[in-house]
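Peer 1: Below are the structure tokens for one structure; questions will follow.
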Amino acid sequence: MLDNILSILIFFPAVAGIFGFMIHKDSMRAYGVSVATIEFALSLWLWYSFDSNVSGMQFMEQLPLVESFGINYLLGVDGISLFIIVLAAFFTMIGIASLTDTKNVKNMIITLLMLQMTMVGVFVALDAILFYVFWELSLVPMLYIIGAWGGPLRIYASVKFFLYTFAGSLVMLVGMLFMAYFYYQATGVWSFAILDWYRLILPENFQLWLFGAFFIGFAIKVPMFPFHTWLPYAHGQAPTIGSVILAAILLKMGTYAFIRFSLPLFPDASTFFMFPIAIIAIIMIVYTAMVAYAQEDIKQVVAYSSVSHMGVIVLGTFALNVEGITGSIFLMIAHGVVSGALFLLVGVIYDRRHTKMMSEFGGLASVMPRYATIFGLMLMASVGMPLTINFVGEFLSLLGFYQQSHILTLLAGTAIIVGAIYMLAAYKKMFFGEVTNEKNINLPDVNKRELVALIPLSIITIWLGVYPKPVLEPINNSVESIVQLMHDKSITQEAKSRIPNLVKDMDNSPEEAN
Amino acid sequence: MLEPVNISLESLNLVTLYPMLIPVIGALLIICIDIFKGGLDKSLYVVMSILFLLIDFSVLLTASDVFANDGTAIGVFDMMLIDGLAILSQFIIVGASIFFIPLAMSGKKFHEASYPEFFAMFLFTIAALQFMVSTDSLILIFVALETSSLAMYTMIAMHNRNKSFEAAVKYFTMGALAAGFYSFGAMVFYALTGSVEINQIATVLAANGYADMGYVLIGTVFMLAAIGFKVALIPFHTWAPDIYEGASASMAGFLSIVPKIALFVVAMRLFEFLIHSGVIWLEIILYAIVVITMTLSNIWALVQSDVKRMLAYSSISHAGFVMAAILIGTTQSNTALFLYWILFSFTNLGAFGMLWMTRQKELISSQTTDHGYEKFAGMIKTSPMAALVMGLFMLSLAGLPPFALFWGKLYIISSAVTAGYTFLALVMALNSAIAGYYYLKLIVYMFMKDPVEGMNSSVYMGNASLALKSILGFAALGTIFAFVALNPLLEFITAFVYNSGY
């Protein structure tokens, strides 16, 4: 059974979702929670049986789909994707468990299970077309979640979300077809398998164009400045569960794809675009932090801060060395946990007051002490306090980029510190001072159902902040092999020197970064 | 004194005629039955048509075996040319028709299905289209074109609404114009080369090195206009939305698939050698038409308020997409054309079938057209299954993986990439993104808006019958599980296209 555990992980929620149509709507929530728990247990089992000393792909499955055109059903997992899969399973579980009263709860849970299928699929697919299938398919459930359960502007927000991503991915698809064609030219057979593509060494100008095509697809998904405009709408209109999944998992698809596709396929182009992208990332960090400071709506604050942190992830990725990439992958998980938790927390207060305006609140610390504590913890994690989960990722990402450029890293580092201001300001507005608004006096504190979601998240936040090794080690092993691959594949001198060589006994002169 | 002409029956190779004769016999039989006993129920004629088409299909299977073993067959004074293209397109024509004809068994009674002649004409149309694809002769193509068109004008008018008459007359006028263009183009080619057979024309033109370039261009432009009218390429598309709106949804779906594939094959036969001959002008004209057709029709589709008109514009855009395959003109692109059209016919059959299922006899007061977007508002709440299936067809039309049409798009864009048409590939990709918006619009109405007063499942399922539901279920399954059949389909088509020399 372990041989095809990845297929089970993908299709179990989908099959369960289809059977969900037969379940009575009163029992639907219990059904959803059970399915998601089984899925989470399976993902934990995957982690347990994962051999963290192996850097390559594990649990690979292959089934020819369109043989004559080189499309295969090809799955595999390595240290880079493993934890995002666990995270996706985890968030679907707590998302369904903490689901507040929604209309059409049955449709919602079935949609979430379908969404889970696509999320797992994206992270385990090793065939570009299979990856694209899940990547695109993930838009549909999200479209429905935002469009059917969202706020007043939900239709505009959901269609914008869909079209933005759809347009970007189509450009990426053309890029994929080019890759397959180049592979065909080089070897005489069609193949869309990413591992096959890794072996292909392309001339630099091809790399630049293809990098561009893939970049458009990924950058819209992340979303990187200036393609980020769909995200605040999507978050602003989405129901809590939608925002949680979107921030925790769906955005990670973009950054994950950078590491899976852009870096190892186009090492020279990645080096070429390193500084432009780093500058965009820093603009992203600073600009969205400033925008976040200007927001009145707590959910928008969290949304913009989430974009801001995605900037750090991109920066770490394009450090092109082991520290940076490992840090960025760790930060993906950290960001998933923290921003997911923050959106859940915003959902808690929204359920009680049906408003997200910060001016409506004040002095909540005395009314809802437990809520204030958890919010405070997550906020500290979000601004990158040491001993919380975000700190490890941010530190490693910046450390990685420090080897490429001191000044840009310094800028990014300061920007993150400045970013703390808006979060603290928001916290102050909501939680400190006197209770000014009468409606807030008798607000109930977080209830059991909400704690089910929030307590595990708090534990993870601190546990991985104090002791990140069990997660960092497998990530590190896989990243080392990718960095080595990039070094070996790169053709320009610039790339050779920027991307470190990890094999020490090479007779090349030791290449010092910078 | 004239010598008696002596022709052995064997040299005529009458086997090449069998596939076309079967629907003709079927049509005549239906007319005969009506003569002896009138007023029979439509179900008889529907089943008769299906049976004849099934026989036709099995004869085609034999023909495809023959082709696979012995290669291209020629017969009847070299009029008939049964090559891989002919067989593939006949498979699509007959196969798609088998799925369209049961749509006549709708729950409500509509005018056209009460005439036995409707079914006879349906079969005549199919026979004519089969002739059109299995010949090299411009004259036989013309005869087949006119036969099929005349039958279709009448079939549209039989829907017996004011808009249907308007549509039929419009289609007739436009069709007559196109026929004029066609005969003029054929005349120019005959004058230039002294032959009406396409391969002869190609040989003669190549032999004299395209000396009369001006005349070749005139002939080509007339031909392009004629074919453009028939497959609705911009700027010859103006009839399409009105006719789709006026015809019944089942008829519109038929029009959007079956006649077009026949014309694509004609275009492939005619333009392939012209493009490859280095007539750079033709390539530019075709390139422009393809890009304009894809883009403008998408933009028009954005602003439609009626789903059927939207689907009409979307069909135009898909036709432009497929025309791109002819422009590219490699084996891969020609394969992609057939693959695309097979997958498209599944999806479009489903989409138009769904519209047909929601057809009302009388509109309620808030409606202005038969299939306005508002009609489908909140459909997920009143008839969730129908909404899901309709949503599925829309996603497939938009090219969302893993549904049927995505694979067609993938393969066509890939063929553009392979042949070096990078710009075209990008235009095709971005057009798919634009198209996403209007397909999404229907999904937004169905899933995210609240139902309109008076709209409920009795409207949505009003025209449903067992036959209709099974066809739709079949189309839905085909749309979802297309990827299973992809590999054998691709290998089969590639072999046939390659062995026909395209």
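If you read the protein sequences in the order shown, they are chains U and V.
The first sequence lines up with residues 1 to 514 when you count with this note's numbering.
The second sequence lines up with residues 515 to 1016 when you count with this note's numbering.
No residue lacks a Cβ here, since even glycine has one placed at the ideal position from N, Cα and C.
Keep in mind that this is a model prediction, so the values were computed, not measured.
Compare the C-beta of PHE997(V) against all C-beta atoms of chain U and say whether one is closer than 8 Å.
Peer 2: Yes, because at least one Cβ of chain U sits closer than 8 Å to the Cβ of PHE997(V).
Peer 1: Spell out a yes or no on whether the region 948-968 of chain V and the region 896-907 of chain V are touching, meaning 3 or more CB-CB pairs, one atom from each, closer than 8 Å.
Peer 2: Yes: the two stretches touch, three or more of their Cβ pairs being nearer than 8 Å.
Peer 1: Does the CB of LEU231(U) have a neighbour CB from chain V at under 8 Å?
Peer 2: Not an interface residue.
Peer 1: Where do the N-terminal and C-terminal ends of the beta strand (DSSP E) with ASN60(U) fall, by residue?
Peer 2: The identity of residue 60(U) in the sequence shown is Met, whereas the question assumes Asn. Per DSSP, MET60(U) belongs to the beta strand (DSSP E) from 58-66.
Peer 1: Note down the Cα distance separating GLU1005(V) from THR849(V), rounded to an integer number of angstroms.
Peer 2: If you take the alpha carbons of GLU1005(V) and THR849(V), they lie about 9 Å apart.
Peer 1: Return yes when the Cβ of MET423(U) is within less than 8 Å of the Cβ of VAL392(U), no when it is not.
Peer 2: Not a contact, by the Cβ cut-off of 8 Å.
Peer 1: Whole angstroms is fine: what's the gap from LEU652(V)'s alpha carbon to ALA700(V)'s?
Peer 2: The alpha-carbon atoms of LEU652(V) and ALA700(V) are separated by roughly 7 Å.
Peer 1: Between VAL189(U) and SER880(V), what straight-line distance do the alpha-carbon atoms span, to the nearest angstrom?
Peer 2: About 58 Å.
Peer 1: On the CB-based measure, 16 or more other CB atoms within 10 Å of its CB, does TRP753(V) come out buried or exposed?
Peer 2: TRP753(V) is buried by the Cβ-count criterion.
Peer 1: Check whether the Cβ atoms of MET142(U) and PHE161(U) sit closer than 8 Å, and answer yes or no.
Peer 2: Against a cut-off of 8 Å, the Cβ pair of PHE161(U) and MET142(U) comes out as a contact.
Peer 1: With 16 other CB atoms within 10 Å as the buried threshold, where does TRP795(V) fall?
Peer 2: With fewer than 16 Cβ atoms within 10 Å of its Cβ, TRP795(V) is classed as exposed.
Peer 1: Assuming SER946(V) contacts ILE842(V) (C-beta within less than 8 Å), just tell me the rounded distance between them.
Peer 2: With a Cβ gap of about 17 Å, SER946(V) and ILE842(V) do not count as contacting.
Peer 1: So which residues of chain V does GLY147(U) contact, with C-beta pairs closer than 7 Å?
Peer 2: Residues of chain V passing the Cβ test: VAL958, PHE961, MET962.
Peer 1: When the Cα atoms are used, what is the spatial distance from GLU511(U) to GLU394(U)?
Peer 2: Note that GLU511(U) has pLDDT 45, beneath the 50 cutoff, so the model's placement of it is unreliable and no number is given.
Peer 1: Measuring only the C-alpha atoms, how far is TYR73(U) from PHE785(V)?
Peer 2: Computed Cα separation, rounded: 38 Å.
Peer 1: Using only CA atoms, which one of GLN404(U), LEU410(U), ILE455(U), LEU364(U) lies nearest to LEU443(U)?
Peer 2: Checked all of GLN404(U), LEU410(U), ILE455(U), LEU364(U); the closest Cα to LEU443(U) is LEU364(U).
Peer 1: Can you list the residues of chain V that GLU67(U) reaches, using a CB-CB cut of under 7 Å?
Peer 2: Those are ASN1001, listed as they occur along chain V.
Peer 1: Would ILE349(U) and MET332(U) qualify as a contact pair, given that the criterion is a beta-carbon distance under 8 Å?
Peer 2: No. Outside cutoff.
Peer 1: Looking at the structure shown, is ALA97(U) part of a helix, part of a strand, or coil, going by DSSP?
Peer 2: In this structure, ALA97(U) counts as helix in the three-state DSSP scheme.
Peer 1: Keeping to the same chain, check which residues put their C-beta closer than 6 Å to that of LYS25(U); ignore five residues upstream and five downstream.
Peer 2: Cβ neighbours of LYS25(U) beyond the five flanking positions: LYS106.
Peer 1: Let me know if GLU296(U) comes out buried or exposed under the rule of 16 or more other beta-carbons within 10 Å of its beta-carbon.
Peer 2: So GLU296(U) counts as exposed.
Peer 1: Please specify which runs of the beta strand (DSSP E), each continuous and at least 3 residues long, are wholly inside the region 528-606 of chain V, giving them in chain order.
Peer 2: Complete beta strand (DSSP E) runs here, min 3: 587-589, 594-596.
Peer 1: May I have the straight-line CA-CA distance separating ALA148(U) from LYS895(V), to the nearest angstrom?
Peer 2: Computed Cα separation, rounded: 11 Å.
Peer 1: Kindly list the residues whose CB is nearer than 6 Å to the CB of MET176(U), restricted to its own chain and excluding five residues on each side of it in sequence; keep chain order.
Peer 2: Cβ within range, chain order: ALA128.
Peer 1: Relative to the C-alpha of LEU617(V), which candidate in SER764(V), GLU888(V), ALA681(V) has its C-alpha closest?
Peer 2: When only C-alpha atoms are compared, the closest one is SER764(V).
Peer 1: Which residue marks the beginning of the alpha helix (DSSP H) containing ILE285(U), and which one marks its end?
Peer 2: Counting along the chain, the alpha helix (DSSP H) containing ILE285(U) begins and ends at 274-293.
Peer 1: Can you name, in chain order, every residue of its own chain whose Cβ lies under 7 Å from the Cβ of TRP197(U), other than the five neighbours on each side?
Peer 2: Excluding positions up to five away in sequence, the list reads MET179, TYR183, LEU265.
Peer 1: Taking 8 Å as the cut-off, decide whether the C-beta atoms of MET808(V) and MET975(V) are in contact.
Peer 2: Not a contact, by the Cβ cut-off of 8 Å.
Peer 1: Measure the Cβ-Cβ separation of ILE564(V) and ILE612(V) and say whether it is below 8 Å.
Peer 2: Cβ atoms of ILE564(V) and ILE612(V): closer than 8 Å.
Peer 1: Please classify ASN564(U): does DSSP put it in a helix, a strand, or coil?
Peer 2: It is not possible to answer for residue 564(U), since the shown part of chain U is limited to 1 through 514.
Peer 1: Between LEU130(U) and the rest of its own chain, which residues show a CB-CB distance below 7 Å, the 5 nearest in sequence each way excluded?
Peer 2: Once the five neighbours on either side are set aside, the close Cβ partners of LEU130(U) are TYR73, LEU74.
Peer 1: Among the candidates TYR827(V), MET737(V), ASN713(V), VAL683(V), whose CA atom is the shortest distance from the CA of ALA692(V)?
Peer 2: Taking only the C-alpha atoms, the option nearest ALA692(V) is MET737(V).
Peer 1: TYR951(V) touches chain U at which residues, Cβ-Cβ below 8 Å?
Peer 2: Near TYR951(V) (Cβ distances below 8 Å), the residues of chain U are VAL159, LEU163.
Peer 1: Just the Cα atoms here: how many angstroms apart are PHE50(U) and LEU396(U)?
Peer 2: Approximately 24 Å between the Cα atoms of the pair.
Peer 1: Check the Cβ of VAL931(V) against every Cβ in chain U and list those closer than 9 Å, keeping chain order.
Peer 2: Correct list: VAL174, LEU177, PHE178, ALA180, TYR181.
Peer 1: Less than 7 Å between C-beta atoms, sequence neighbours within five positions excluded: which residues of the same chain meet that for LEU788(V)?
Peer 2: Hits under 7 Å: THR734, LEU796.
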